[in-house]
Structures are given as structure tokens and as C-alpha cells.
Amino acid sequence: MESGSAVNTRSAKHRKAKKGGGLGPVRWVLFAICICVFCFSGYKLYDKYKMYKENKEAYAEINEVVIQPASYNIPSIEQEGESTGPLPQRLANPIPEIDFAVLADMDKNAFGWLYIPDTVMNYPVVKGKDNDYYLNHALGGKWNNGGCPFVDYRNKDGFEDYNTVIYGHHLRNGMMFACLDDYAKQEFYDAHPVVYFTTESGKYILRIFAAYTTHSTSDAYNRSFKNEEAFMNWVDKALEQSKIKTDVEITAQDKVLTLSTCAYNFSGARFVVHCRLDKCPQDNWYEDEWNLI
Numbered sequence: 001m002e003s004g005s006a007v008n009t010r011s012a013k014h015r016k017a018k019k020g021g022g023l024g025p026v027r028w029v030l031f032a033i034c035i036c037v038f039c040f041s042g043y044k045l046y047d048k049y050k051m052y053k054e055n056k057e058a059y060a061e062i063n064e065v066v067i068q069p070a071s072y073n074i075p076s077i078e079q080e081g082e083s084t085g086p087l088p089q090r091l092a093n094p095i096p097e098i099d100f101a102v103l104a105d106m107d108k109n110a111f112g113w114l115y116i117p118d119t120v121m122n123y124p125v126v127k128g129k130d131n132d133y134y135l136n137h138a139l140g141g142k143w144n145n146g147g148c149p150f151v152d153y154r155n156k157d158g159f160e161d162y163n164t165v166i167y168g169h170h171l172r173n174g175m176m177f178a179c180l181d182d183y184a185k186q187e188f189y190d191a192h193p194v195v196y197f198t199t200e201s202g203k204y205i206l207r208i209f210a211a212y213t214t215h216s217t218s219d220a221y222n223r224s225f226k227n228e229e230a231f232m233n234w235v236d237k238a239l240e241q242s243k244i245k246t247d248v249e250i251t252a253q254d255k256v257l258t259l260s261t262c263a264y265n266f267s268g269a270r271f272v273v274h275c276r277l278d279k280c281p282q283d284n285w286y287e288d289e290w291n292l293i
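Residue numbers (the numbering used here): 1 to 293.
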């Protein structure tokens, strides 16, 4: 009887140890799923990092080739041996001069160049046959999820529309149009009130007059209006929504250029910056230099 009892006791212990030892089938499946999720997440993070890196390097190379070295020579502001006053911030950060022949060789759809001093905004602008291609293609057509800033393909050439729209990605690493979000803050606007836009046909000062978050389908993207009154009503609405206050005046004869990027406030959110489009006199950034900003 004792030997039988001992056998039964050992058998019970053996069954108990076997039951609790190792991982059951369900646990193995859950463990495998966790490993797969971890690996996939790591791959996605690496893929995004690689995209950011390639995008940054690609546009750095473009800048080296397209921006003319002479553009960084600050013009003299001395007159008859006397200084005309303190050096404007605009002259302390000269606007780049673009070699459009080289730019066109790199991409036949090249349209212009955007620049905001003291920010990452120093990019080419293209205009394609739709609003999709350059969402994930860099200048020159190479696949890159960072894309390239582009003009709405429906806008007429020569800034004939009341409102010309330029789109650009809001990358998490702060590149492309990410800095536009900063225009929600008055102090940032005060330090960066204008954008410089160069095209092959001329140079333009973009004087910012409104900046706000809106929906991708809102009338912020209206390009044309039935009459001047409708246009001015649209301007008034933009001013009402604006997060910043400016002294830039808009008339019915003015043209607007809108910069647009993604926002993350809600589904379909966009951040827009509306600017008055002013052509530089004689296509010279430094003509009447004290009045440009």
C-alpha cells in the first residue's frame, strides 16, 4: 500500500510539473505575434528615419548645385562713406539667387524657390500635372515620401488667379513645411513677416497677412472668385480666423499666395499661411531695400 501511495504521489507531482512547465500553444502564438509586431514597428521606424535622411541629403545637394554662390554676397549699404543705418536682418541673411537653368535640368516641372530666413524653408517648388505625384516624389522624380513642395496644378500660370496654392509636407523631423506651424505664434510672425519666392519670370515678396488651422476642403483653397466683393469677403474671413495680427493690407487688386501643410488637430486638418504677392521692383531684392519688410 505504501509503495502504491508513493507511486501515485510521484505521478501527481509529475503531472503537475508537466502542466506548469514551458509555454502552452496559445502563449507561443501570442509571443510570436509580439515579436512580429516589434520587428515590424522597428522596420517602420527605420524606414521613416531613412526617408527623412535621404530627403534631407537630397535637398542639401540640390541647394549646393542650384543656389549661386554670389547670392550670399551682401550688397554695400554705404553711401559716400557714411552708413545708412543698422544692417537689416534681411541683408544679414541674404536671399539666395537661383540658377533656373540648372533647376530645370534637374526637373522639367521646376516652378520656383521658397525661402524664409532662419528657418529650414529653402526649397524648390514644382508644378505637375496633378496634386498627387509630388506627394511622394522629390525634385527630379525619385521616390521619396517627403515629396517636393508643389503648386496646385489647377492654378493658372502667371499668378492670374486670385489665390495660388503651394502644398508641402509637415515632416515630423521639422523639415519641409513643418515650420509653417510656427506662424500660429505672434512672436514667430513678428520675427519672420515675409517669405521670399523666386521664379524664372521674377522675384516676389510674400507678405503674410493670416495664418490658421482649417480643413482640407475649406474655402481657404478657393483659387478664383466671381467678383472682387467675393474675394474681399474671403479675405475678411481669413483675417477673422487668423492666429496672428499683421498690418498688411489687402485690396481687391491684390493677388494671394497660400502655403499649406498638414496639421494634426483633427482628421483632415491643414495649416495655411496666406500671403500678399508683391513683385520686386526690377526683379531686384535690394531695390528700395529699406521698404521690403
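Even glycine gets a Cβ: it sits at the ideal position worked out from N, Cα and C.
Computed from a predicted structure; not experimentally measured.
- Beta-ladder partner(s) of residue 148, from DSSP: One-based indexing of the sequence shown puts residue 148 at position 148. None; residue 148 has no bridge partner.
- Does the separation of the CB atoms of residue 208 and residue 246 fall below 8 Å? Residue mapping note: residue 208 aligns to position 208 of the sequence shown, counting from 1. Residue mapping note: residue 246 aligns to position 246 of the sequence shown, counting from 1. By the CB criterion at 8 Å, residue 208 and residue 246 fall inside the cutoff.
- Task: Write down every uninterrupted run of the beta strand (DSSP E) in the region 161-195 whose length is 3 residues or greater and which is fully enclosed by it, in chain order.
- Result: Counting only runs of at least 3 residues, the region 161-195 fully encloses the following beta strand (DSSP E) elements, listed from N- to C-terminal order: 163-167.
- Message: For residue 186 and residue 35, I'd like the C-alpha separation in whole angstroms.
- Response: As a working note, residue 186 is residue 186 in the sequence shown. As a working note, residue 35 is residue 35 in the sequence shown. If I take the Cα positions, the gap works out to 47 Å.
- Measuring from the CB of residue 56, is there a heavy atom of the ligand GDP at a distance below 7 Å? As far as ligands go, the structure on display features none, and thus does not contain the ligand GDP.
- Message: According to DSSP, residue 98 sits in a beta bridge with which residue or residues?
- Response: Taking the sequence shown and counting its residues from 1, the one referred to as residue 98 is at position 98. According to DSSP, which records beta bridges pairwise, residue 98 is partnered with 67.
- Item | Through-space distance from residue 254 to residue 111, alpha-carbon basis | Locating residue 111 in the sequence shown gives position 111, counting from the first residue. Locating residue 254 in the sequence shown gives position 254, counting from the first residue. Each residue's Cα considered, the two are about 21 Å apart.
- With respect to the beta strand (DSSP E) encompassing residue 278, which residues constitute its N-terminal and C-terminal limits? Start at 1 with the first residue of the sequence shown, and residue 278 comes out as number 278. Start and end: 269-279.
- Please work out which residues of its chain come closer than 7 Å, Cβ to Cβ, to residue 243, disregarding the five sequence neighbours upstream and downstream, and give them in chain order. Numbered from its first residue, the sequence shown carries residue 243 at position 243. Cβ neighbours of residue 243 beyond the five flanking positions: 184, 211 and 212.
- Task: Assign residue 103 to one of two classes, buried (16 or more other C-beta atoms within 10 Å of its C-beta) or exposed (fewer than that).
- Result: The residue labelled residue 103 in the question sits at position 103 within the sequence shown. Residue burial annotation: residue 103 is buried, with at least 16 other C-beta atoms found within 10 angstroms of its C-beta.
- Message: Restricting to Cα atoms, I'd like to know which of 241, 217, 122 and 234 is closest to residue 269.
- Response: To locate residue 269, count along the sequence shown from 1; it is residue 269. Looking at the Cα atoms, 217 is the closest of the given residues.
- Under the DSSP definition of a beta bridge, which residues are partnered with residue 117? Within the sequence shown, the letter at position 117 stands for residue 117. Partner(s): none; residue 117 has no beta bridge.
- Task: Helix, strand or coil for residue 84, going by three-state DSSP, please let me know.
- Result: For the purposes of this step, residue 84 is taken as the residue at position 84 of the sequence shown. Residue confidence is low: residue 84 scores 45 on pLDDT, short of 50, so the model does not pin down where it sits. No coordinate-derived value is stated.
- Exposed or buried, what is residue 274 when buried is set at 16 or more other beta-carbons lying within 10 Å of its beta-carbon? Counting from one through the sequence shown, the residue named residue 274 turns up at place 274. Buried, because 16 or more other Cβ atoms sit within 10 Å of the Cβ of residue 274.
- Query: Between which two residues does the beta strand (DSSP E) carrying residue 122 extend?
  - Reply: Residue mapping note: residue 122 aligns to position 122 of the sequence shown, counting from 1. The continuous beta strand (DSSP E) containing residue 122 extends over residues 122-126.
- Task: Run the CB neighbour count on residue 24, radius 10 Å, all protein chains shown included, and call it buried at 16 or more, exposed below.
- Result: For the purposes of this step, residue 24 is taken as residue 24 along the sequence shown, with counting starting at 1. Exposed.
- Query: Measuring CA to CA, which of 57, 235 and 170 is closest to residue 142?
  - Reply: Walking along the sequence shown from the start, residue 142 turns up at place 142. Among 57, 235 and 170, the Cα nearest to that of residue 142 is on 57.
- Compare the C-alpha of residue 152 against each of 172, 68 and 224 and name the closest. Your numbering for residue 152 matches position 152 in the sequence shown. Selected option, being the one with the closest Cα: 224.
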